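To convert, take the position in the sequence shown, counting from 1, and add 37; that gives this note's numbering.
In this text, a Cβ means the ideal position worked out from N, Cα and C, and glycines have one as well.
Here the structure is a predicted model, which is why all the values come from computation and not from measurement.
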Amino acid sequence: MRALPSAPVEKVIVTYKSQAAEAGSNAAAKSDTAEKAAKTGEKLAFERRLAGGGALVDLGDSATKQDLAEVMDAFRADPSVASVEPDIRAYAMAVTPNDTDYAKQWDLFEPTGGMNVPAAWDKTTGSGVTVAVIDTGYAAHSDLATNVVSGYDFISTSADARDGNGRDADAKDEGDWNATDNECGVGSKASNSSWHGTHVAGTIGAVTNNTKGIAGIAYNAKIQPVRVLGKCGGSSADIADAITWASGGTVPGVPANATPAKVINLSLGGASATCPSVYQTAINGAVSRGTTVVVAAGNSNANASGFTPANCANVINVASTSREGNRSYYSNFGAIVDVAAPGGETRRSTDTPGTVTTPENGIYSTLNSGATTQSAENFKPYQGTSMAAPHIAGLAALLKSAKSALTPAEIESAIKANARPLPGTCTGGCGTGIADTAKTVDAVTTTPPAGTVFTNATDVTISDNTTVSSSIAVTGRTGNAPAALKVGVDIKHTWRGDLVIDLVAPDGTVRNLKASSSSDSADNVLTTYTVDASSEVANGTWKLQVRDVATGDTGYINSWSLTF
C-alpha cells in the first residue's frame with residue numbers, strides 16, 4: 038500500500054444558511070470574507086461560488102494548520118454559517134502493483150517504449166472479458182492459475198500432441214521441443230520447449246497485486262488456453278477450428294465453449310503470400326460474433342504481407358518495438374501493420390543469434406523451467422512480435438470491459454487512432470505508432486461534450502524553463518465565445534507540477550488554467566477546463582500556452598481542443 042501525500046489546505050468551503058444574504062450574493066460573501074480576514078489577521082479572499090452554493094475562500098499557500106483552524110473557528114462562530122470545511126485533495130487510486138517483479142515490466146509503464154498501462158487501471162482492469170490464447174497450451178503457473186478458465190486441445194494428430202490422443206478438453210502444454218535437427222523439416226533445429234502460450238498469457242492476464250511475479254495488462258480478465266501448437270508447430274485446419282470454437286462458434290465433434298472469448302490472441306504464423314481461406318473464414322466468423330482477433334506481424338524483418346495470419350483481413354496486425362521505441366530489429370513491417378506494441382529485444386541485432394545479452398530489454402512474463410516436459414514454474418524475458426500482440430490483446434480486453442457495446446472494428450479503430458508516434462525509427466511501416474493504453478481507454482469512456490470541437494493534435498515539445506504554445510484557428514462562429522468554454526488538454530509530462538498552463542484569447546487576453554506546484558509530482562495533464570470567455574469574440578486564433586518553470590522533467594503538448 039502507498040501512503041497518500043499530506044497536502045497543505047489552502048482553501049475552505051463556506052456554506053451559508055439559506056436566509057443569509059451571503060447565501061445568494063457574491064458581494065455579501067466577499068464582504069464577509071473580508072470581515073473574517075480582519076478578525077483573524079489572515080489574508081483571505083473570496084474566490085468563487087461553487088455549483089452547490091458554497092463559497093470558496095482562499096487562505097493563500099503559506100497558511101499553516103493553526104491558521105486554518107483559526108479561520109474555520111471564525112466562520113463556525115458566525116450564526117449565518119451552516120458549515121465550513123477544508124478544500125481537501127483527492128488522488129488517483131491506481132497505485133503501483135505490489136508484484137515483486139513489476140519493476141522489470143518496462144513495457145507497461147516506461148514513457149519512452151512502454152504502453153502507458155497503469156494510468157488506465159482506474160477505469161478498467163478487464164473484468165467480465167475472456168481472452169483466448171491460441172498457442173501451445175498452458176503450463177501450470179501460480180501467477181496465472183486463478184485467472185485461467187477451461188480451454189481445449191485442438192491438435193488433431195496424436196504424435197504432434199504428445200498426449201496419447203487427438204483433440205480433447207485438456208489444454209495442458211505437453212511441450213514443443215525438437216529432439217534433433219531436421220526433425221520438423223529440412224533446416225529445422227533441435228530445441229527445447231518454449232512454453233510460449235504461458236508467456237503470452239502472463240502478459241495479458243497475470244494475477245496482479247498478489248505480492249509475487251508480474252502484473253497482467255488486463256489482470257481481471259480470464260485467460261482461455263487453446264492448444265494448437267505442439268511438436269513441429271500446428272496445422273491451419275486445427276488453428277481455424279480453434280478460432281471458431283474460442284469465439285463461440287460450432288466445431289463438429291467438439292463440445293460448445295462454455296465461456297466464449299471476446300478477444301483472441303494469435304501469436305503464431307507462417308509464410309504465405311495470401312491469407313488461406315480456412316483462416317479468413319474462421320476469422321470472419323469470429324468477428325461476426327463480436328470477437329476481436331489480434332495477430333503477431335512476424336519476426337523475419339520482412340514485409341508482413343508475406344506471412345499469415347498477419348495478412349488476413351479483419352485482424353489487428355501488431356509489429357514489435359524495442360525499449361528505446363524503435364521497431365525491433367526482427368519485427369516484420371509494412372502497410373498491413375495496424376499498430377505497434379512492446380515486443381522487446383533480449384539481444385542486439387548485431388549479437389550472435391540465440392544469445393541473450395540484454396535480458397532487461399525483453400518482455401518479462403510467466404514461464405516454465407522444463408527443457409522438454411513441464412517442471413517448476415518460473416519467469417523469463419522473451420522477445421518477439423509474439424510478445425507484442427498480447428499487449429494489444431490485453432488492451433482490447435480493457436476496452437471491451439470498459440464499454441461492452443464496442444465492436445471489433447470500433448476497438449481496432451480506437452487503438453489505432455490513439456497510438457502515439459514511435460519515439461525512435463521504423464523502416465517500412467509500423468502502423469499508427471505505439472499503442473497508448475490510457476489514452477485509448479479514455480477515448481472510449483469519455484462522453485464528448487456537445488458543441489463544435491476545434492482540435493490541434495500536433496505535438497509541441499516542452500523543454501525545461503521554456504514557454505511554448507499551440508494554436509487553434511476558430512472560424513465559422515458568430516458573436517462571442519461561451520461563458521462555459523471547454524478547454525480539453527492532453528499534455529504528456531513527467532512532473533506536471535512544473536507546468537503553468539494559460540489560454541490566450543485572440544485579443545491577447547490571458548486566462549490561467551493551471552498554476553505550478555512543487556508538490557504535484559504526478560505525470561501528465563489530461564483534463565478539461567471550463568472558463569468564462571464570454572467577453573471574447575469567438576472567431577480568431579486561440580493559443581494554449583505552456584510554461585515549464587523547473588528543470589529535470591520534460592514532455593510535450595499531445596493535443597488540445599476548444600468546444601464552442
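Put simply, the backbone Cα of residue 162 is about 9 angstroms away from that of residue 253.
Measuring C-alpha to C-alpha distances from residue 409 to each of 135, 71, 212 and 259 identifies 212 as the nearest.
The beta carbon of residue 209 sits closer than 7 angstroms to those of 174 and 175, all from its chain and outside the five residues before and after it, given in chain order. Counting every other CB atom within 10 Å of its CB across the protein chains shown gives residue 100 a total of 16 or more, marking it as buried. Residue 400 holds the alpha-carbon nearest to the alpha-carbon of residue 380 among 372, 400 and 373. Residues 498, 499, 500, 501, 530, 531 and 585 of the same chain have their beta carbon placed closer than 8 angstroms to that of residue 591, with the five preceding and five following residues left out of the count. With contacts defined by Cβ atoms closer than 8 angstroms, residue 369 and residue 383 do not form a contacting pair. No Cβ-Cβ contact shorter than 8 angstroms links residue 49 with residue 107. Within the stretch 525-592, the beta strand (DSSP E) runs of at least 3 residues that lie entirely inside it are, in chain order, 536-541, 547-551, 562-568 and 577-585. Where residue 95 is concerned, there is no enclosing alpha helix (DSSP H), although the beta strand (DSSP E) around it starts and stops at 92-95. Membership of residue 166 in any alpha helix (DSSP H) is not indicated, and neither H nor E is assigned to it by DSSP.
Distance between residue 418 and residue 266, taken at the CA atoms: about 21 angstroms. If you draw a 10 Å sphere on the C-beta of residue 374, you find 16 or more other C-beta atoms in it, and that means buried. If you look at residue 47, you'll find it isn't in any beta strand (DSSP E); DSSP assigns it neither H nor E.
With a contact defined as Cβ atoms closer than 8 angstroms, residue 328 and residue 301 qualify at about 6 angstroms. Here the alpha carbons of residue 561 and residue 270 stand approximately 44 angstroms from one another. Rounded to whole angstroms, residue 185 and residue 571 show a C-alpha spacing of 56 angstroms. Within a 10 Å sphere around the beta-carbon of residue 219 sit fewer than 16 other beta-carbons, which makes this residue exposed. By the Cβ rule, the stretch 476-492 counts as touching the stretch 449-463, because three or more pairs are nearer than 8 angstroms. In this structure, residue 215 places its C-beta atom within 8 angstroms of the C-beta atom of residue 228. One Cα belongs to residue 282, the other to residue 294, and the distance between them is close to 6 angstroms. Restricting attention to 376, 342 and 349, the CA atom closest to the CA of residue 358 is found in 376. Classified as exposed, residue 289 has fewer than 16 neighbouring CB atoms from the shown chains inside 10 Å of its CB. Residue state for residue 439 is assigned as helix, using DSSP reduced to three classes. Considering only 438, 597 and 468, the residue with the shortest C-alpha distance to residue 491 is 597. Residue burial is scored here from C-beta neighbours: residue 87 has fewer than 16 other C-beta atoms within 10 angstroms and is therefore classed as exposed.
Residue 188 is a Cβ neighbour of residue 261, given a cutoff of 8 angstroms. In the three-state scheme derived from DSSP, where H, G and I count as helix and E and B as strand, residue 506 is classed as strand. Residues 533 and 534 of the same chain have their beta carbon placed closer than 7 angstroms to that of residue 557, with the five preceding and five following residues left out of the count. Within the same chain, and ignoring the five residues on either side of residue 98 in sequence, the residues whose Cβ sits closer than 6 angstroms to its Cβ are 47. Runs of the beta strand (DSSP E) spanning 3 or more residues and lying entirely within the stretch 202-284 occur at 259-264, in chain order. With contacts defined as CB atoms closer than 8 angstroms, residue 172 and residue 234 qualify as a contacting pair. Around the beta carbon of residue 223, a 10 Å sphere encloses fewer than 16 other beta carbons of the protein chains shown; the residue is thus reported as exposed.
The alpha carbon of residue 467 has as its nearest neighbour, out of 403, 372 and 52, the alpha carbon of 372. As summarised for the stretch 417-504, the continuous alpha helix (DSSP H) elements at least 4 residues long and confined to that stretch are 422-439, 445-454 and 474-482, given in chain order. Residue state for residue 366 is assigned as coil, using DSSP reduced to three classes.
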